[in-house]
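Down below is the structure, laid out as structure tokens.
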Amino acid sequence: METRTKRAWMFVYGFLELVCVGSSPLSSVVFTRSEVCQEAVLPCEWGSHSEVSSETPYIQWQTLRNMVFERMGPAKFQAEAYQNRADVPEAVLAKGNCSLHLSDIRFSDAGIYECYLVVGKTGSKQRIFIQSVQLSVLDHKSTRVVEMGKDLTLDLYKSQAETVVFQSSNGDEWRELWRRGDRSRVEERDGKLVIGNVGASDEGIYRVIDGEGLTISTVKVSVQEPPRPTRTNLVEKRVSFESSVGMNSPSLPLGFLLIMFLYLL
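Those letters in the sequence shown? Residues -23 to -1, 1 to 242, by mature numbering (1 follows the signal peptide of the UniProt record, and there is no 0).
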């Protein structure tokens, strides 16, 4: 019942966002998307508004629920949920570009954002609607082919990752491989997860999960046997061996050289 109620409220909030945006001036919505943990730019230009031609532009970005970011010259405000992740660069803002830059994108960042230009003097300020941008946040999906005996390296997206789970291609159960703060059999190196000496049992699906239980990344891994050496490889190997030991060297017994020659064939 609780889950159903939560979903109902999410639908209501989404509906309210669309209604409010539709009632805004210049209510055309720009659509953009980003993969989770990456960066996104929500495009916007205020340059066509002559009201601030002689003023330092004061810009505001918000969702329909909360303020996200404000800037006026060097002074700026970032909402708690966007601390150190949101910015409208001062240099480009002065030239008419008020695009919102978001880093380390989270699933909770998805939604509709509105940009406003604040004009006028203290006591008579007015907000001018400029642009609505709808941001969609996607998870990462990929496939990998790894040679048996090699290392498998997976992006961990550690800024948000909480666990990494694995489902074998021969089974249905999910097994935990890594959890933030715990020891595990897999190696963590430079923000990546390294599974060494891959074998057939490592073939399957790997998922990186965030703290809310949402999938950041899904990687389907296939393991293949190393290629068998061809006759060309053997000939090259034989020539290399002959060069290294010296087939004409009197210091090596003929019988030894013959045995090694037959072995390479």
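By construction, the Cβ of each residue, glycine as well, lies at the ideal position given by its N, Cα and C atoms.
Annotated as proximal: Glu150 and Gln144, with beta-carbon spacing under 8 Å.
Under the 8 Å Cβ criterion, the segment 45 to 57 does not count as touching the segment 18 to 26, having fewer than three qualifying pairs. In the structure shown, Tyr134 falls within a coil segment according to DSSP collapsed to helix, strand and coil. If only uninterrupted beta strand (DSSP E) runs of at least 3 residues are considered, those enclosed by the segment 134 to 169 are 138 to 145, 151 to 156, 164 to 166.
Judged by DSSP secondary structure, Leu70 falls within the alpha helix (DSSP H) whose first and last residues are 67 to 70.
The segment 96 to 109 and the segment 49 to 65 do not touch, with fewer than 3 CB-CB distances between them shorter than 8 Å. With distances taken between CA atoms, Ile182 lies nearest to Ser194 out of Pro204, Ser194, Gly188, Arg156. Relative to Ser119, the option among Gln201, Arg184, Ser5 whose CA is nearest is Arg184. Taken in chain order, the complete beta strand (DSSP E) segments of 3 or more residues contained in the segment 7 to 43 are 17 to 19, 35 to 39. Counting the other Cβ atoms within 10 Å of the Cβ of Ala177 gives fewer than 16, which makes it exposed. In this model, Val69 and Gln37 are separated by some 15 Å (Cα to Cα). Here the C-alpha atom of Ser5 lies approximately 11 Å from the C-alpha atom of Glu91. Judged by their CB atoms, Arg121 and Val13 are not nearer to each other than the 8 Å cut-off. Around Ser80, the same chain offers Glu16, Arg62 as residues with beta carbons nearer than 6 Å, after the five sequence neighbours per side are excluded.
Using a 10 angstroms sphere on the CB of Asp167, the tally of other CB atoms stays under 16, which defines it as exposed.
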